[in-house]
Every structure is written in C-alpha cells, then in structure tokens.
Amino acid sequence: MPPFIAERRALKFSAISASLFALAGLVIGLASGSITILFDSGYSLLSLVLASLSLFALQQARKPADDHYPFGRLTVEPLAVLLKGVVIALVCLVSLVSALWSLAQGGRLVTLDLALVFGAVNVMGCLLTWWWLARYARVARSSLLAAELRQWQMDTWLSAAVMLGFALTWGLTLTPFAAYARFADPVMVLIIAGYFLPMPIRMVRGALRELMFGEPLGSVRQEVVREVADFDIADDDVRLAQVGSFLMVDIQLDKQQIHDAEDIVDSVEQHCIRHNLRPVTSITLVT
256 MPPFIAERRA LKFSAISASL FALAGLVIGL ASGSITILFD SGYSLLSLVL
306 ASLSLFALQQ ARKPADDHYP FGRLTVEPLA VLLKGVVIAL VCLVSLVSAL
356 WSLAQGGRLV TLDLALVFGA VNVMGCLLTW WWLARYARVA RSSLLAAELR
406 QWQMDTWLSA AVMLGFALTW GLTLTPFAAY ARFADPVMVL IIAGYFLPMP
456 IRMVRGALRE LMFGEPLGSV RQEVVREVAD FDIADDDVRL AQVGSFLMVD
506 IQLDKQQIHD AEDIVDSVEQ HCIRHNLRPV TSITLVT
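Heads up, the sequence shown is in our numbering, so the first residue is 256 and it goes up one at a time.
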C-alpha cells in the first residue's frame, strides 16, 4: 500500500473512532455524574477535531508548488502538530482547574457500576484503535500520523487509568473510609491530566523545531551522510532539516565535483523514498 494512501486511511479511521468514543463518553459521563468520564469524552471529541485537522493538513502538504507558494506547503504538517499540542495542553490545564474546583466543593458522587462498564469498553476500543494506527504507521512515516499515535496512546492510558480509578473507588466504598469515595473522581483527573501534560509539551517543542528548520533527531543525518560518502562528501558539507514528512537536504560541492551532482541527488532521493520521506534536495556550489 502506498504511504500516502495508508496515511489517509489511518487518519480517517482515527476520526471515526474518536467520534464514537466522544458520543458514548458524553452520554455516560452525564448519566454517571463523573467529570473524569466527561474529561475522557472531551478528549475523544478533541481527537475527532484534530484528526480532521490532520486530514486537511495532509491534503494541503500534498499540493504541488504554485505561484502563491513557490516552495510548496512544507510547514503545514508541523503547524497542525503544533496546534494539536497546544489544544491538548489547554484541555489538560482546564481539567486540572475543574478538578481542583470540585475538590474545593467537597467532591462528587459517581454512579460506579455504569462508570466501570464504560471504562472497560473504552480501554478495549482505544487499545484497538492505537494498535490499528500503529500498523499503518509502519507503512507511512509521517509527523501527522506520529502525533495521532501519541494522541491515541495518551487516550488509551487515560482510559486504563480511569477504569482502574473507578475500580479502586468501588473498593473504597466497601471499607470504613467510604465517605472519602466522593473525592476519588476529581483526584483521578488531577493525577491523569497532570501526568499527561508533558506529552503535548513535547509535541509543541518538536513542531517548533521543524518550523524553524531544525536538524532531524535520531540517525537521519548519519544515514544520509553514509549515503553520499562514496562521492567524497564530508559531514560538514551536508545540511539537513526535517519538516513533517519532508526531508530538506542541501549538499555543498566544489566545481571539481559538479559532474557527480545528478548521481548525488538521485542517491539521496532514493534513500528518502526507502524511508518514506519526501526529499527536497539542492546542490550549493562553493569556491
């Protein structure tokens, strides 16, 4: 399956799953009176909006260069990831404030049997979606899909923590400390939202790095340098920047190497294609 088709299918599947979880969570959250479930459903609704944003960004990034955008739309993907990270961080912060307010009001009672059933079903559904997207991610290497995976990873662990929290709360009602069970729901939100807050911060930091044309992390540079080593090109003569699924490669050549330029560009582009990256290659002549 071509990477572009795999990426598009994965994002559509993510949007459909998010819409189902958001609807179910909203109904059960209101019925049970749990702000934890409402937080989870709100995150699922947010996932639907952000998955739609990712699909739009994918379509825009695939458009060819034109008179208005002579270098194409390279930065659309990291812009979408940046927006997703900011919105997810805001949801975590609002949830933290809401939980603190609930604690100040004396906690709240929750219909635990309904909450436990929802928690179990939600965990299985999120885990299935995360696993399915991971299969597509092996084919399509993209920052949009990577962000979507992190988003569903967060949702899966969030749902598991919610289910565990409700199970512990139910156990608490069977002890002499049952009066404290009303505080369990907001405390769970505090723990979960606080724990996951660093994830969107990392998303924002990575997107800003790409928007500023930062050098790619990991082994990308070593692999490209190794690819062009046969042409007597030194490490310092290779400049790289990864922007979403685009890899920008600038290679400095002196005049004696100009006859190798076409082979060098072809070698770099073939390497990018093998790694599901879209190359933007240029040659700079130095004297």
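Ideal placement from N, C-alpha and C gives every residue a C-beta, glycine not left out.
Thinking just about the alpha-carbon of each residue, which of A261, G420, A270 and R317 is nearest to the one in V378?
-> Walking along the sequence shown from the start, residue 378 turns up at place 123. Closest by alpha carbon: G420.
Quick one: Cα of S350 to Cα of G449, how far?
-> The residue you call residue 350 lines up with position 95 of the sequence shown. The residue you call residue 449 lines up with position 194 of the sequence shown. Whole-angstrom Cα-Cα distance: 9 Å.
With C-beta atoms as the reference, is A402 less than 8 Å away from V352?
-> Locating residue 402 in the sequence shown gives position 147, where the first residue counts as 1. Locating residue 352 in the sequence shown gives position 97, where the first residue counts as 1. No, Cβ-Cβ distance for A402 and V352 is not below 8 Å.
Just checking my contact of A389 with L404 at CB under 8 Å: how many whole Å lie between their CB atoms?
-> As a working note, residue 389 is residue 134 in the sequence shown. As a working note, residue 404 is residue 149 in the sequence shown. That belief holds up - the Cβ atoms of A389 and L404 are roughly 6 Å apart, short of 8 Å.
Using the DSSP secondary-structure output, state which residues sit across from V523 in a beta bridge.
-> Here residue 523 corresponds to residue number 268 of the sequence shown, with the count starting at 1. The partner list for V523 (beta bridge, DSSP) is empty, contrary to what the question assumes.
Measure the alpha-carbon distance for F501 versus M467 and round it to whole angstroms.
-> For this step, residue 501 is matched to residue 246 along the sequence shown. For this step, residue 467 is matched to residue 212 along the sequence shown. For F501 and M467, the distance between alpha carbons rounds to 14 Å.
Per-residue burial, V541 [other beta carbons within 10 Å of its own, 16 or more giving buried] | Mapped onto the sequence shown, residue 541 falls at position 286. With fewer than 16 other Cβ atoms within 10 Å, it is exposed.
Do the CB positions of T291 and V444 come within less than 8 Å of each other?
-> The count along the sequence shown starts at 1 and reaches residue 291 at position 36. The count along the sequence shown starts at 1 and reaches residue 444 at position 189. Contact: yes.
Using CA coordinates, which residue listed in A496, L369 and L382 is at the minimum distance from I269?
-> As a first step, residue 269 is located in the sequence shown; it is residue number 14 there, counting from the start. Reading off the sequence, residue 269 comes out as Ser, not Ile. The shortest C-alpha separation from S269 is found at L382.
For V260, the nearest candidate out of A392, L348, D321 and Q497 (CA to CA) = On the sequence shown, position 5 is the one that residue 260 refers to. Note that residue 260 is Ile in the sequence shown here, rather than Val. Taking each of A392, L348, D321 and Q497 in turn and checking the Cα distance to I260, the smallest one comes out for A392.
Do the stretch 478-497 and the stretch 455-470 make contact, defined as three or more Cβ pairs closer than 8 Å?
-> yes
State the Cα-Cα distance for the pair D485 and D492, rounded to the nearest angstrom.
-> Against the sequence shown, residue 485 aligns to sequence position 230. Against the sequence shown, residue 492 aligns to sequence position 237. Going from the Cα of D485 to the Cα of D492 covers about 14 Å.
Is the stretch 527-537 close to the stretch 500-518, with three or more CB pairs under 8 Å?
-> They touch, by the three-pair rule.
Any 3 or more C-beta pairs closer than 8 Å across the stretch 336-348 and the stretch 453-463 = yes
Determine the DSSP secondary structure at P534, reduced to helix, strand or coil.
-> Walking along the sequence shown from the start, residue 534 turns up at place 279. Correct three-state label for P534: strand.
Between which two residues does the alpha helix (DSSP H) carrying L508 extend?
-> Position 253 of the sequence shown, counted from the start, is the residue given in the question as residue 508. No alpha helix (DSSP H) contains L508, which is instead part of the beta strand (DSSP E) from F501 to D509.
State the CB to CB distance for the pair V523 and V483, rounded to an integer number of angstroms; the pair is presumed to be in contact (CB under 8 Å).
-> Residue mapping note: residue 523 aligns to position 268 of the sequence shown, counting from 1. Residue mapping note: residue 483 aligns to position 228 of the sequence shown, counting from 1. Yes, V523 and V483 are in contact; Cβ-Cβ is about 7 Å, under 8 Å.
For the beta strand (DSSP E) containing A496, list its first residue and its last residue.
-> Sequence index remark: in the sequence shown, residue 496 carries index 241 (1-based). Start and end: V493 to V498.
Sort M409, V331, R481 and A320 by Cα distance to L308 and report the nearest one.
-> In the sequence shown, counting from the first residue as 1, residue 308 sits at position 53. Nearest of M409, V331, R481 and A320 to L308, Cα basis: V331.
Is it the case that the Cβ atoms of T411 and W387 are separated by a distance below 8 Å?
-> In the sequence shown, the residue the question calls residue 411 occupies position 156. In the sequence shown, the residue the question calls residue 387 occupies position 132. No.
Identity of the residue in Q315, G340 and L338 nearest L329 by Cα = Here residue 329 corresponds to residue number 74 of the sequence shown, with the count starting at 1. Looking at the Cα atoms, Q315 is the closest of the given residues.
What residues are listed by DSSP as bridge partners for V541?
-> Your numbering for residue 541 matches position 286 in the sequence shown. Its beta-bridge partners are D509.
Cβ neighbour criterion (16 or more within 10 Å) applied to K510 | Stepping through the sequence shown from its first residue, residue 510 is reached at position 255. Classification for K510: exposed.
When we look at the beta-carbon of E262 and count the other beta-carbons within 10 Å, is it buried (16 or more) or exposed?
-> In the sequence shown, residue 262 corresponds to position 7, counting from 1. Under this definition E262 is a buried residue.
C-beta atoms of L371 and W425 nearer than 8 Å = On the sequence shown, residue 371 is found 116 positions in, with the first residue counted as 1. On the sequence shown, residue 425 is found 170 positions in, with the first residue counted as 1. In contact: L371 and W425 (Cβ atoms closer than 8 Å).
Within the stretch 353-436, ranges of the alpha helix (DSSP H) (whole runs, at least 4 residues) | 367-392 and 398-427
Under a Cβ-count criterion, where at least 16 other Cβ atoms within 10 Å of its own Cβ denotes burial, should D368 be classed as buried or exposed?
-> One-based indexing of the sequence shown puts residue 368 at position 113. Answer is exposed; the Cβ neighbour count stays below 16.
Environment of L413 [buried if 16+ CB atoms lie within 10 Å] | Residue 413 sits at position 158 when you count from the first residue of the sequence shown. L413 comes out buried.
Taking the continuous alpha helix (DSSP H) assigned at L466, which residues delimit it?
-> To locate residue 466, count along the sequence shown from 1; it is residue 211. Note, L466: alpha helix (DSSP H), P453 to L466.
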